[in-house]
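Final position of the sequence shown in the UniProt record's numbering is 138; the numbers increase by one with none missing. Single-structure report; data block below.
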Amino acid sequence: MAQHTENICTAVSSSYSVVVLACRGMHCDRGVDLGKADQARENAEIVQSTASTSLVIPVEADFFVAYSTPPEYVSWLNPTLGSWFIQALVKVLNEKGTSLEINQLLTRVNHIVAYQGEAKKQMPYYTSTLTKDLYFHE
Numbered sequence: 001m002a003q004h005t006e007n008i009c010t011a012v013s014s015s016y017s018v019v020v021l022a023c024r025g026m027h028c029d030r031g032v033d034l035g036k037a038d039q040a041r042e043n044a045e046i047v048q049s050t051a052s053t054s055l056v057i058p059v060e061a062d063f064f065v066a067y068s069t070p071p072e073y074v075s076w077l078n079p080t081l082g083s084w085f086i087q088a089l090v091k092v093l094n095e096k097g098t099s100l101e102i103n104q105l106l107t108r109v110n111h112i113v114a115y116q117g118e119a120k121k122q123m124p125y126y127t128s129t130l131t132k133d134l135y136f137h138e
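Pasting the structure below:
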């Protein structure tokens, strides 16, 4: 079970995580040359939430799912070291796992995997319905 404070949800010993590694298709990502990439900027609006008086939250709330690859694409692995995604996840969790929020951790994982490999490319991604920041503690 996780402890909830006003803005932070911390994982405690009774919480659990599940990591599943699997290919999600047969397409191979060939990457894109950053010199040719479209440099368009998207305008982001900051939406401020208001405090709710209700204690009922959506059934889909507070899920965080990380994928090693988008649907339809393969997940690469090194025969000796294992999955690129799991290697990066373990590295980031070992280095910053107790000091950064989960979105920050997975952004670093995305960066490591995205810039790995020459001919083979892979882009992990995650989806979140978290309603609070999530930190892991020792």
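We treat Cβ as the ideally placed atom computed from N, Cα and C, and that holds for glycine. Being a predicted model, the structure only gives us computed values, none of them experimental.
Could you check what DSSP says for Thr-129 in three-state terms: helix, strand or coil?
Reading the sequence shown from its first residue, position 129 is the one you call residue 129. When DSSP states are grouped into helix, strand and coil, Thr-129 belongs to the coil group.
Grab me the residues of Arg-108's own chain with a C-beta within less than 6 angstroms of its C-beta, minus the 5 sequence neighbours each way, in chain order.
Residue 108 sits at position 108 when you count from the first residue of the sequence shown. Contacts found: Val-92.
Beta carbon of Pro-71, beta carbon of Gly-25: below 8 angstroms?
Stepping through the sequence shown from its first residue, residue 71 is reached at position 71. Stepping through the sequence shown from its first residue, residue 25 is reached at position 25. In contact: Pro-71 and Gly-25 (Cβ atoms closer than 8 angstroms).
List the whole-angstrom C-beta distance separating Tyr-126 from Val-65, where the pair is believed to meet the contact cut-off of C-beta under 8 angstroms.
Looking up residue 126 in the sequence shown gives position 126. Looking up residue 65 in the sequence shown gives position 65. At roughly 6 angstroms, the Cβ-Cβ gap stays under 8 angstroms, so Tyr-126 and Val-65 are in contact.
State the Cα-Cα distance for the pair His-137 and Thr-131, rounded to the nearest angstrom.
The residue you call residue 137 lines up with position 137 of the sequence shown. The residue you call residue 131 lines up with position 131 of the sequence shown. If you take the alpha carbons of His-137 and Thr-131, they lie about 19 angstroms apart.
Beta-bridge pairing of residue 140 - partner residues as DSSP gives them
There is no way to answer for residue 140, as the model of the chain reaches only from 1 to 138.
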